[in-house]
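K.L.:
Sequential numbering from 1 applies to the sequence shown in full-length UniProt numbering. Structure provided below as structure tokens; questions to follow.
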Amino acid sequence: MPLLFAEAAKRSIKNIGKYGDTDVFPFSYEKDIFHEKENECAAILEGMFADFDRAISDDPPRFIQALSQVGYTGFRWTTQIDPYWNAYYLALVLSIADEVESARSPITNAQVYSYRYAWNDGDSKIFSDVSWRQYKEHCLQLARDHAVVLVTDIADFYPRISHHRIENLLQRLGINSDTKTQILKLLAIFSNGFSYGLPVGGPASRILAELSLVNIDQHLAVDLNRSYARYADDFTFFCDSDAEAYGTIKFLSDKLKLEGLALQKSKTRILTQAEFIEMSRPFDQSRATSIITDEDKLLNISIRFDPYSPTAEEDYENLRSAINEIDILSILARELNKTVVDTSVTKQALNAVRLLPNNTLQTGALQTILDRNNLSTLSPVLSTVLRVVRSTIPNLSNTQRNQIDILLHDLIDAKLPQLDVDLHLMYFIQCLAFDYTDKKEQFLVSIYNTHSNPLVRRLIILAMAKWKRDYWLTSLRARFSDLTSWERGAVIISSYALTDEGSHWRKNSKWSWNSKELLIRDWFSSRPDTAGITV
1 MPLLFAEAAK
11 RSIKNIGKYG
21 DTDVFPFSYE
31 KDIFHEKENE
41 CAAILEGMFA
51 DFDRAISDDP
61 PRFIQALSQV
71 GYTGFRWTTQ
81 IDPYWNAYYL
91 ALVLSIADEV
101 ESARSPITNA
111 QVYSYRYAWN
121 DGDSKIFSDV
131 SWRQYKEHCL
141 QLARDHAVVL
151 VTDIADFYPR
161 ISHHRIENLL
171 QRLGINSDTK
181 TQILKLLAIF
191 SNGFSYGLPV
201 GGPASRILAE
211 LSLVNIDQHL
221 AVDLNRSYAR
231 YADDFTFFCD
241 SDAEAYGTIK
251 FLSDKLKLEG
261 LALQKSKTRI
271 LTQAEFIEMS
281 RPFDQSRATS
291 IITDEDKLLN
301 ISIRFDPYSP
311 TAEEDYENLR
321 SAINEIDILS
331 ILARELNKTV
341 VDTSVTKQAL
351 NAVRLLPNNT
361 LQTGALQTIL
371 DRNNLSTLSP
381 VLSTVLRVVR
391 STIPNLSNTQ
401 RNQIDILLHD
411 LIDAKLPQLD
421 VDLHLMYFIQ
431 CLAFDYTDKK
441 EQFLVSIYNT
451 HSNPLVRRLI
461 ILAMAKWKRD
471 YWLTSLRARF
481 SDLTSWERGA
491 VIISSYALTD
501 EGSHWRKNSK
511 WSWNSKELLI
521 RDWFSSRPDT
531 AGITV
């Protein structure tokens, strides 16, 4: 039986409040609002549900699309949805997630590993702990019994998912008409009126994407009679000959065509058993006691850390101890000496930087990865680089932060094309925002005046408020009614940097604010003074 929307709304707010609503864009302050004002936020979603058509009319779902880099020369479109409409979209999908999960290949079949729905009230997680690593370990185990392994994936998966297929599958599951209609209405809006495509970056789309492959999984399980495993759009098949592998490619291609999908030719490979086992070396548990390289050791550590775990402190110390046995700086140096970095190794090494035993080593790592001569080499993982810089700067002394600022200034002067990518620019602004300098201010004002992306502009507003640049904030406040909804919320927060002037403005302008903007005011005013403004 589908979950009542009121309960689904609470789950949506709880999950986003803890883990955010995107794995692509910087988290917004709404994440904190959802975490600290759960009941108020859930009530807003319930009000939208009570009169969906009016909610759509009065406050249309806004979204921003930005390019995210894939490899050295590729890009994909990612979508950041208005936080409340994103939460609403997630609530709708959570209300039917049990039905979607029941239609999928049972997890006990060990065929489909990705995004298995299993809501956990304790930690507000949506998916079970079945991981990419478990998928790869299972594939390695199956490969030992087969001479040939076929690896492939779906080309442009999310952008090509048909809304009509989603509609048919929801109807087959017996989903009620209102829920189905609302999901499809939102998908049409997020796809600019096209009848295909899911927004990339959040759990709601992951659940619907898995639903879209239910027919494919059934064909593979019933018709193909061949061992296989899937994680999202990645497939691995285990064959006894090249002929079987070729036949599998044809079979899967035919079935995908019926869904409006196709295989990605450049990633479709037929491998010998030995080639696949070598490629899967980091996931080979049988080698755990004979690992010889730091890279192997690093890839065998799970750096994911759950701060909400009841054993969080112990888990963190164990993780740091494991990292301390590895020379992270040497790994980074070896990767930077390559023409093309190994993204798996490099990302893992970057994420380990904040766990290094002292801030001297952390500073050294940041100086290496922020060197303008290294950023071209690191461009496929530049978002990770900047996220690591952002999360590590607070650990540093004032002297060390000044050293990092010198490098940040140099990147401003370098005008690197990689920082023209909006997603990279957003993370770069967050790195700049910690400590004020004249050069940073001039750069951010210039960016604000020349960029139209509201997410970029919102971060700049928050940075200027953090630095208490009163002259600029006062001028911006006068144009409040002309700003996008993304920026208006940031201006409300920034008004607290203007003390009495800001208080007077809030009292005289609140009549023009909607319920979400009033909640921003109530949330920020209830925070302790020490919380400050976070960019």
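All residues carry an ideal CB built from backbone N, CA and C; glycine is no exception.
1) Verify whether the separation of the beta carbon atoms of S330 and D294 is less than 9 Å.
2) Within its chain, find whatever has a CB closer than 7 Å to the CB of D234; leave out the 5 residues flanking it on each side and keep chain order.
3) With a cut-off of 9 Å, does the C-beta of K125 fall near any C-beta of chain B?
4) D240: buried (16+ other C-beta within 10 angstroms of its C-beta) or exposed?
5) When DSSP labels each residue in this structure, what does T534 get in the three-state scheme?
6) Determine the extent of the alpha helix (DSSP H) in which Q111 is found, giving its start and end residues.
7) Please state whether DSSP places W77 in a helix, a strand or coil.
8) Throw me the rounded Cβ distance for the L299 and V345 pair, which I believe falls under 8 Å.
9) Ordered along the chain, which non-local residues of its own chain (more than five positions away) have a Cβ less than 6 Å from that of I16?
10) According to DSSP, simplified to helix, strand and coil, what is W119?
11) Can you tell me which residues form a DSSP beta bridge with C239?
12) For the stretch 516-525 against the stretch 21-40, are there 3 or more C-beta pairs whose distance is under 8 Å?
13) What three-state label does DSSP hand R230 in the structure shown?
14) Helix, strand or coil for L208 per DSSP?
15) With distances taken from CA atoms, which of T179, A155, Y196, K180 is nearest K267?
16) Assign L444 to buried or exposed, taking buried as 16 or more other Cβ atoms, counted over all protein chains shown, within 10 Å of its Cβ.
17) Starting from S68, trace the alpha helix (DSSP H) both ways and give me its first and last residue.
18) Return yes when the Cβ of A97 is within less than 9 Å of the Cβ of I126, no when it is not.
19) With DSSP as the reference, label S162 as helix, strand or coil.
20) Starting from I126, trace the beta strand (DSSP E) in both directions and tell me its first and last residue.
21) Quick check on the burial criterion: 16 or more other C-beta atoms within 10 angstroms. Buried or exposed for A414?
22) Leaving out the 5 sequence neighbours to the left and right, which residues in its chain are closer than 7 Å to A42 when beta-carbon positions are compared?
23) Pull up the distance between the alpha-carbon of K466 and that of V491, whole angstroms please.
24) Pop quiz: L261 and R160 are said to be a contact at Cβ under 8 Å. What is the actual Cβ separation, rounded to whole angstroms?
25) With distance defined between alpha-carbon atoms, name the residue in L459, I270, A143, L186 nearest to D59.
26) With burial defined as no fewer than 16 other Cβ atoms inside 10 Å of the residue's Cβ, what is the status of D405: buried or exposed?
27) Less than 9 Å separating the beta-carbons of T236 and C139?
28) Quick one, are the C-beta atoms of I207 and V130 less than 9 Å apart?
29) What does the alpha-carbon distance come out to for the pair S383 and A6?
30) Closest to L370 by CA distance: which of T343, N358, Q418 is it?
31) On a Cα-Cα basis, can you pick out the residue from G74, S397, S57, Y89 that is closest to W21?
32) Okay, do the stretch 194-212 and the stretch 162-176 touch, 3+ Cβ pairs below 8 Å being the bar?
33) List the whole-angstrom C-beta distance separating W505 from S495, where the pair is believed to meet the contact cut-off of C-beta under 8 Å.
34) Label F238 either buried or exposed according to how many other C-beta atoms from any shown protein chain fall within 10 Å of its C-beta, with 16 as the threshold for buried.
35) Can you list the alpha helix (DSSP H) stretches of 4 or more residues lying completely in the stretch 425-510, in chain order?
36) Of the choices L3, V341, V24, N337, whose alpha-carbon is the least far from that of I422?
P.N.:
Looking at the atomic coordinates:
1) Position 330 of the sequence shown, counting from 1, holds the residue named residue 330. Position 294 of the sequence shown, counting from 1, holds the residue named residue 294. A contact, by the Cβ cut-off of 9 Å.
2) Here residue 234 corresponds to residue number 234 of the sequence shown, with the count starting at 1. Contacts found: D153.
3) This model lacks chain B altogether, as it is built from one protein chain only.
4) As a first step, residue 240 is located in the sequence shown; it is residue number 240 there, counting from the start. It counts as exposed.
5) To locate residue 534, count along the sequence shown from 1; it is residue 534. It is coil, neither helix nor strand.
6) Position 111 of the sequence shown, counting from 1, holds the residue named residue 111. No alpha helix (DSSP H) holds Q111; DSSP gives it neither H nor E.
7) Translated into positions along the sequence shown, residue 77 becomes position 77. Reduced to three states, the DSSP call for W77 is strand.
8) As a working mapping, residue 299 is identified with position 299 in the sequence shown. As a working mapping, residue 345 is identified with position 345 in the sequence shown. Sure, about 7 Å apart at Cβ, within 8 Å.
9) Taking the first residue of the sequence shown as position 1, residue 16 is located at position 16. Closer than 6 Å at the Cβ level, and outside the excluded window around I16, lie F34, A87.
10) Sequence index remark: in the sequence shown, residue 119 carries index 119 (1-based). Correct three-state label for W119: strand.
11) As a first step, residue 239 is located in the sequence shown; it is residue number 239 there, counting from the start. Bridge partners of C239: V148.
12) yes
13) Within the sequence shown, numbered from 1, the residue matching residue 230 stands at position 230. Three-state DSSP puts R230 in a strand.
14) By 1-based counting over the sequence shown, the position of residue 208 is 208. Three-state result, L208: helix.
15) As a working note, residue 267 is residue 267 in the sequence shown. Among T179, A155, Y196, K180, the Cα nearest to that of K267 is on A155.
16) Taking the sequence shown and counting its residues from 1, one reaches residue 444 at position 444. Its Cβ being crowded by 16 or more others within 10 Å, L444 is buried.
17) Translated into the one-based positions of the sequence shown, residue 68 becomes position 68. Here S68 belongs to no alpha helix (DSSP H); instead the beta strand (DSSP E) covers 63-70.
18) Walking along the sequence shown from the start, residue 126 turns up at place 126. Walking along the sequence shown from the start, residue 97 turns up at place 97. Cβ distance < 9 Å, so I126 and A97 count as in contact.
19) If you number the sequence shown from 1, residue 162 lands on position 162. Three-state DSSP puts S162 in a strand.
20) Counted from its first residue, the sequence shown places residue 126 at position 126. It spans 125-127 - the beta strand (DSSP E) in which I126 sits, taken as one unbroken run.
21) Within the sequence shown, residue 414 is the residue found at index 414, counting from 1. By the 10 Å Cβ count, A414 comes out exposed.
22) Within the sequence shown, numbered from 1, the residue matching residue 42 stands at position 42. A9, K10, I13.
23) Your numbering for residue 466 matches position 466 in the sequence shown. Your numbering for residue 491 matches position 491 in the sequence shown. Spanning the two alpha carbons is a distance of roughly 12 Å.
24) Mapped onto the sequence shown, residue 261 falls at position 261. Mapped onto the sequence shown, residue 160 falls at position 160. Rounded, the Cβ-Cβ distance is 6 Å, consistent with contact.
25) Along the sequence shown, one-based indexing puts residue 59 at 59. Nearest of L459, I270, A143, L186 to D59, Cα basis: L186.
26) Within the sequence shown, numbered from 1, the residue matching residue 405 stands at position 405. With 16 or more other Cβ atoms within 10 Å, it is buried.
27) For this step, residue 236 is matched to residue 236 along the sequence shown. For this step, residue 139 is matched to residue 139 along the sequence shown. Yes. Within cutoff.
28) Reading the sequence shown from its first residue, position 207 is the one you call residue 207. Reading the sequence shown from its first residue, position 130 is the one you call residue 130. No; because the gap between Cβ atoms is not below 9 Å, this pair is not in contact.
29) Numbered from its first residue, the sequence shown carries residue 383 at position 383. Numbered from its first residue, the sequence shown carries residue 6 at position 6. The straight-line gap from Cα to Cα measures roughly 36 Å.
30) The residue labelled residue 370 in the question sits at position 370 within the sequence shown. Out of T343, N358, Q418, Q418 has the C-alpha closest to the C-alpha of L370.
31) Within the sequence shown, residue 21 is the residue found at index 21, counting from 1. According to the sequence provided, residue 21 is Asp. The question's Trp does not apply to it. It is Y89 whose Cα lies nearest to the Cα of D21.
32) yes
33) Reading the sequence shown from its first residue, position 505 is the one you call residue 505. Reading the sequence shown from its first residue, position 495 is the one you call residue 495. Right, their Cβ atoms sit about 6 Å apart.
34) Residue numbering aside, residue 238 sits at position 238 when the sequence shown is read from its first letter. Looking at its Cβ environment, which holds 16 or more other Cβ atoms inside 10 Å, F238 is buried.
35) 438-450, 454-466, 470-477, 485-494, 499-509
36) Translated into positions along the sequence shown, residue 422 becomes position 422. The sequence given here places Asp at residue 422; Ile does not occur at that position. Of L3, V341, V24, N337, the residue nearest in Cα terms is V24.
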